[in-house]
Structures are given as C-alpha cells and as structure tokens.
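*Asks:* Below is the structure I would like to discuss, written out as structure tokens.
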Amino acid sequence: MTEKTRKIDARDTISAEIGDVENSAVAAGYQNIVGNKITYNIQQTVNAAINALHQLRPPVGDFVGREQEIDTLIKALRSGSRACITGISGMGGIGKTELALLVAQHLSADYPDAQFFLNLQGTDTNPRPPHEVMGNCIRAFLGPEASLPEDLDQLSQIYRSQLSGKRVLLLLDNALDSAQVRPLIPPTGCALLVTSRQALTLPGMTSLTLNPLTDKEARELLLEIAPRAAPAAEQICQLCGYLPLAVRAAGSQLAITPDLDPLDYTTQLTNERNRLELLNTEEVEIGVAASFNLSYERLAPEAARVFRMLSVFPSTFDATAAEVVCDDKGHVCLSDLVRRSLVLYDASTKRYRLHDLARLFAATKLSAAEHTVGEKRHATHYIDVLAIANELYQEGSASLVRGLALVDLEFGNIQAGHTYAAAQGVKVDDDMARLAMLYPNTGVYVLYLRQHARERIRWLEIALAAVKRLKNGEGEGATLSNLGNAYADLGENKSAIQFYERALVIFREIGDRTGEGAALGNIGLAYITLGETQRAIQFFEQALLIDSEIGDRRGEGNALGNLGIAYTNLDETQRAIQFYELALVIFREIGDRRREGYLLNNLGNAYYHLGDTQRAIQFYEQRLVIAREIGDRRGEGTVLGNMSGVLTELGKRAEAIQYAEQSLRILEQLEDPFALGVRALLAAWGEELG
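Count along the sequence shown from 1, then add 381; that gives the number in the working numbering.
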C-alpha cells in the first residue's frame, strides 16, 4: 500500500465516523489536516526512536579545567580492538558526571549508532539491577513494547546481540560497585564509561580518580558563575576545598543574592559550624552535606563509626594513627572508606586525609562521647609521635633530619593534640594535664626549630600550670628552664635568669645533675648578653665540671662552646677558638647538626676578629648550609647578618646588602634582638649611598 493510499483510507474511515461530508472544498481541507496529523505522528515516532538511542545531555556550560583527565579518557576510549572501558571514581560533588558527559560529547562521532546515559543509582537505597539496565538498552533498539525474557542469561545474549556490530557508547553514571557494572560490559566496537564514588575494577579498564580542582580552575569556575566574587575568590575557593559542587553552590549563592557582599560571605564561610549549611542552595541539584550523606548512609555501622572518628584529624595522617585513634585494627575500615572515596589517599606519601568539607560533615555525625574518646586518643598518640621525633633529633646526623621531617609532617596533628590537652587537662583531667606538661618539654629540641619563641612561651605557661596541678618537680624544672630559653631568644634576659634560677633550685632539690648543669650554662649565657662576662665564665666552669663528672657529652659541648663565646668577648680569640674546636668535635661526634652549626658560626666570628675574612666566610657558608638543611631559621638569619658584615669588608657592598636584607626579614619575624644590629647596619649603608 502506497503512502497516498494509506492517507485516503484513513480519511474514509474517519469520515464515516463523523458523518457525510457534502462540501468538496471542506472535504479537501480535511484531507490535508488528517494527512499532516499522521505525518506529524510518524515524525514523533522517529524522534522518539532517535532520542532513545542518543540520550546524552550537554555538560554544564561553565565546565572548567580537567584538560589532562579529558585527554586521558578520550585516548582510552578510542584505543584497542576490544571494548574500551574507562572508569571515573571520586567523592561526591567532585564533578565525575559532568566530566563524563564532556568526554562523551567529544566521542559522539566515534560512536554514532547510540550514546546511552544510564543512572545506576549506586547511592540510592535500591540501586538499579543490571537486567533493568539491559532492558532499557534493548528496548531503545527494538521499541518500548518489546517483550523480553526474565532469565538474566537470555537477556544478556539479546543485549550483546543488539550492541554487536554497532558503535555504541554507554555512560553508566553513579555505579555502586564492579559487580553492578560487570554484566553490562559491551562487545567489541563499543565503549563503556563508568562513574562511581567507589573505585572499580573491570577487565581492561582504564581507571581515573578525580581530585579537587586546582586553585586556578576553582577560581575560574567561581568567577564564571559570579564575576563579582573576584575580591574574595581565592579564599572562597579554599574554604570550599576546591570541590566543584561547593564552588558552584557558593557562586550561585552570590549570583542570586545581589546584596550579599563577597567578603562578608567569606567571613561567614570561615565559621566551620555553618559552612555546610551556607553551601546548600536551591540553585544546585544537591547540597554538599546531602551529597556526602548519600555515601555515608550506605556505610556499614563499623565503617560509619570510623568515618566519624576520622573527623578529629585536622590534616593528613598515616594508617597507624587511624588504627590507634579510631580503633580500626589493620585499618580495614579505613581502606573501605578509601575505596568509597570518602577518604583521600596519596600513594606517594602513604598518607590519608578527609576533604575539608567531608571532615566537617563527619563531625556533624560524631556523638559527644565519640568526640571525647577520639580527641583523647589523638592527643595521646601525637605526644608519642613528638617524643619519637625528639629522640631521633638526639640521635643526631641523619636521624636528626628524620626527626625534624617527622615533626614537619605531623605538625598540624601535634598542634591539635596540644590544643585539646591544654583545654581539657589543666583543670579537669590528670591524664590530659600530663600531656599538656609533656608536649612542649618532650619535644623541646624539635619544637625549638619549628616554633616562634612566643608560641613556645604560650605552650610552656600551660605546662607550668599543669605541673603545679600534678606536683611534678622534674616537669616543673624542665618547664622553667625552657621558659628561660624562650625569653632569652626574645632578648628578655633578666626574665630568663629568673626562670633559670627557679629551675636550678628545683634541679638541686631533686638531684637532677643534668638539669643543674644545663641551668648553670643558661644563666651564664644570659649574663654574657648582659655584658657580665667574668660572672658568666664562673657559671660555665661549674656547668663543665658537672657535665664532665656525669658524662653528659651534649652538656659538656655546650659548656665548652659557651666558654668560647666568653673568651671571644674578652678578646682572647685564640683561646676562644680552642674551646670552639673542642666543642665542635663533640657535636660532630654525637651528630648534633644544630649545635655544630652554632660552632661553625662562632668560629667564623672568631676568624673575622682575627682579620681572616676568607676563612670566616668559609665557616659561615658551612653554617648556612646546615641551617637551611634543618630549617634553623634563627641560625640562618644570624649567619646571613654575619656574612653581610664580612662581605662589606671585602668590598662587595651590593651582595652584603642582599644578605643583610634577607637576614633582617627572618630575624624580625622571630623577634630576635640581633635584628637591631642588622637594621642599623642597613641604615648606615643607606646614609652612605645618600
């Protein structure tokens, strides 16, 4: 039957239903209407068939960055003779779906027969079963009324048969796990692109884990949505953790609220308690907290408990810490959380972390009892870490550097541990009071190189209150002595002497000869600074006698070095050099790089006083290498200042000014009294230059 005949038959049938048509003109017009209606219906059917086979929506118009990831995925989906399979995993809100849609858009010409977008609902209570997904694909080819078998094996055969010989791209979004996806792997010639919050493993699969945006990408996204956010863009993106969903929510909030000042909004986001709520807006499909909750609700009870407990970590952590703090033997739950993209893992450092917003979400789920347990375990664990770092320092040489590296790696956790112990321990809890006492004293050597003197004073004053509660004489003596050192670093030598003398009394009372020797040496150094050199020598000689008697090599080296300083001040430079060289042998013997550096600096000073500027420079350069190696900022600033003076003597004024300016910047940050001399030197040079 021709198309024309089909139209006439349809007209006749309809005419019979509505009665006779007497006017030929009207009849002819009616024929055109009916014909057009049928043509329209046919076109609708064709469009429906096309839509069933080509289901991809465009990615969001403000998509930014991910160039390397896009290139990797496109190459993977165009390579190989068998079915190309790629998987994008990552936490909720990281942008997996939009990246997949963008890649699929680039590949639409490579897979012209069909492009399917199928939401596997992996975060829902009832994820879609594979047979349902197969049925959707099959009916896209055969029509919505096609009858399909219930048997999964038979359905799989039809599924593969329909895809066989075709170029089809399947985008399976939000997969639960590999088991859900495995039956849906298409035949050769087709491509499979899967997104999931959980890491997937499939035969021949190219896997890609999506990380947060770079700061540049996040800023570009924010300003694409809300250009007026520019004055606060960097901080807003940082507070959003560079998570695309959060950045988009923040940008949308600013875009729809014209009277919301970006700087005021930034201040609001800084409050951790309100941040998740502020990143919830109707302008995005799902809020940040709701996105995390989809993953959280699918966790087993024990994994959920560990996830909540991990919120006590303010920064990265290792598996051992998670096992201790979260009571997760063998970090089994931690590994499960990594697979589910709720915890981020850096394979190069073997460190874990929660995204900042995930940490805030986990904290909202943490009970008061869990919080107390977690914080206590955390504070206790990191005093142990600090003790290990300090012990490594005292071992010297390469171990010293390892100890400092450990402190640098864990400093955020160490600070958080101390903060909790200080808040809980001084008045309430003896165990936490003990930790508050131990933190600044157990880590005395490594913290000296990593804390400003005023921060050390703050920690030590908390420790002093704790030792009084605990009535711990040894701890009180150590705390007073270390407080004296901190005040001496600020140039407040009279206050330092008062603390040293109080410490000396306690050390003598409890028979702590090591502490007694250290206190005597420290008192002597304070008197050196006050210009009372002969009085200082008496204290140094007493300290040397005690340290020699008890075999304290570190104390003995300190006493010898201090005597060198005293004799330098008395212009007995050759005698000073002898003391410096004796001390240098000891510090090299025990591997104390920090004090070795001090001795090299002092030897440089001595040779400078003798007029041997070239030799002085050699010692200074050795000292500078050590200071930078171990991160001794005070030592670096001091030796740079010394070098500037010598370079002036050598007629290298421009280089001398450069060194002096570097020195001044460092020493002013540390509030070191030596900064006054460097500043005066620069001022004098400035006057000379006119």
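Here a beta-carbon is modelled for each residue, glycine too, at the ideal position from N, C-alpha and C.
Measuring alpha carbon to alpha carbon, tell me which of L718, L925, D973 ends up nearest H736.
*Replies:* Here the closest residue by C-alpha is L718.
*Asks:* Measure the alpha-carbon distance for G854 versus I891 and round it to whole angstroms.
*Replies:* Those two C-alpha atoms are separated by around 7 Å.
*Asks:* Going straight from the alpha carbon of A1035 to that of Q923, what length do you get?
*Replies:* Distance between the alpha carbons of A1035 and Q923 is about 45 Å.
*Asks:* DSSP three-state call for R1060: helix, strand or coil?
*Replies:* Residue state, collapsed to three classes: helix.
*Asks:* My parser needs the beta strand (DSSP E) runs of 3 or more residues fully inside the segment 447–480; what are they?
*Replies:* Segments of the beta strand (DSSP E) lying fully in the segment 447–480: 465–470.
*Asks:* Do the segment 467–487 and the segment 573–591 meet, that is, are 3 or more Cβ pairs less than 8 Å apart?
*Replies:* With a cut-off of 8 Å, the segment 573–591 and the segment 467–487 count as touching, because enough Cβ pairs lie within range.
*Asks:* State the DSSP-derived secondary structure class of E601, mapped to helix, strand or coil.
*Replies:* Helix, per DSSP.
*Asks:* Beta strand (DSSP E) containing N939: first to last residue?
*Replies:* Run containing N939: none in the beta strand (DSSP E); it sits in the alpha helix (DSSP H), 934–950.
*Asks:* Residue ranges of each beta strand (DSSP E) run of no fewer than 3 residues wholly in the segment 468–541, ordered along the chain?
*Replies:* Whole beta strand (DSSP E) segments, 3+ residues: 495–500.
*Asks:* When the distance is taken between beta carbons, is I455 closer than 8 Å to L488?
*Replies:* Taking 8 Å as the Cβ cut-off, L488 and I455 qualify as a contacting pair.
*Asks:* Please state whether the Cβ-Cβ distance between A495 and V549 is less than 8 Å.
*Replies:* Yes, these two residues count as a Cβ contact at 8 Å.
*Asks:* Return yes when the Cβ of M515 is within less than 8 Å of the Cβ of Y492, no when it is not.
*Replies:* No; because the gap between Cβ atoms is not below 8 Å, this pair is not in contact.
*Asks:* May I ask you to list the residues that DSSP assigns as paired with M586?
*Replies:* BP columns for M586 point to I466.
*Asks:* In chain order, which continuous runs of the beta strand (DSSP E) of length 3 or greater are located wholly inside the segment 729–770?
*Replies:* Correct list: 732–734.
*Asks:* So the candidates are T910, Y988, G936; which of them puts its Cα closest to the Cα of F1055?
*Replies:* Answer by Cα proximity: T910.
*Asks:* How would you write the range of the beta strand (DSSP E) that L723 sits in, first residue to last?
*Replies:* No beta strand (DSSP E) contains L723, which DSSP labels as neither H nor E.
*Asks:* Specify the secondary structure class of N555 as computed by DSSP and reduced to three states.
*Replies:* Correct three-state label for N555: strand.
*Asks:* Quick one: using the 10 Å Cβ neighbour count with 16 as the cut-off for buried, is E1017 buried or exposed?
*Replies:* It is buried - the Cβ of E1017 has at least 16 other Cβ atoms within 10 Å.
*Asks:* By alpha-carbon positions, which one of V687, E605, A749 ends up nearest to S633?
*Replies:* Residue E605 is the option with its Cα nearest to S633.
*Asks:* Please name the residue or residues paired with S577 in a DSSP beta bridge.
*Replies:* Paired residue(s): S470, A556.
*Asks:* Determine the direct distance from the alpha carbon of E977 to that of G942, and round the result to whole angstroms.
*Replies:* About 10 Å.
*Asks:* Could you give the distance in angstroms between the alpha-carbon of P639 and the alpha-carbon of P608?
*Replies:* Going from the Cα of P639 to the Cα of P608 covers about 12 Å.
*Asks:* Taking the alpha helix (DSSP H) that Y826 belongs to, which residues open and close that run?
*Replies:* Per DSSP, Y826 belongs to the alpha helix (DSSP H) from 825–829.
*Asks:* So, with DSSP's three-state summary, where would you put A572?
*Replies:* Three-state result, A572: strand.
*Asks:* With which residues is H435 paired in a DSSP beta bridge?
*Replies:* Note: H435 sits in a beta bridge opposite Q496.
*Asks:* I'd like to check one pair, N866 with S844: are the Cβ atoms closer than 8 Å?
*Replies:* The residue you asked about is not Ser; residue 844 is Ala in the sequence shown. No, these two residues do not count as a Cβ contact at 8 Å.
*Asks:* Out of Q805, T800, K849, A869, which has the shortest C-alpha to C-alpha gap to A834?
*Replies:* Comparing Cα-Cα distances from A834 to each of Q805, T800, K849, A869, the minimum goes to A869.
*Asks:* Straight-line CA distance for F888 to G936?
*Replies:* Spanning the two alpha carbons is a distance of roughly 15 Å.
*Asks:* Enumerate in chain order the residues of its own chain whose CB-to-CB distance from R654 is below 8 Å, with the five nearest sequence positions on each side excluded.
*Replies:* Closer than 8 Å at the Cβ level, and outside the excluded window around R654, lies no residue.
*Asks:* So which of I566, R520, L529 has the shortest CA-CA distance to I466?
*Replies:* Here the closest residue by C-alpha is I566.
*Asks:* Taking 8 Å as the cut-off, does the segment 766–784 touch the segment 957–973 (at least 3 CB pairs, one atom from each stretch)?
*Replies:* A contact exists between the segment 957–973 and the segment 766–784.
*Asks:* I need the boundaries of the alpha helix (DSSP H) containing H990, first residue and last residue.
*Replies:* Looking at the DSSP string, the run of the alpha helix (DSSP H) that includes H990 is 974–990.
*Asks:* Using the DSSP secondary-structure output, state which residues sit across from L901 in a beta bridge.
*Replies:* L901 is not bridged to any residue.
*Asks:* Once DSSP output is grouped into helix, strand and coil, what is the label at F694?
*Replies:* In the structure shown, F694 sits in coil (DSSP, three-state: anything other than H, G, I, E or B).
*Asks:* Assuming G1022 is part of the alpha helix (DSSP H), what are its boundary residues?
*Replies:* Start and end: 1014–1030.
*Asks:* I'd like to know if the segment 738–757 and the segment 682–701 are in contact, where contact means that at least 3 CB-CB pairs between them fall below 8 Å.
*Replies:* At 8 Å Cβ cutoff, the stretches touch.
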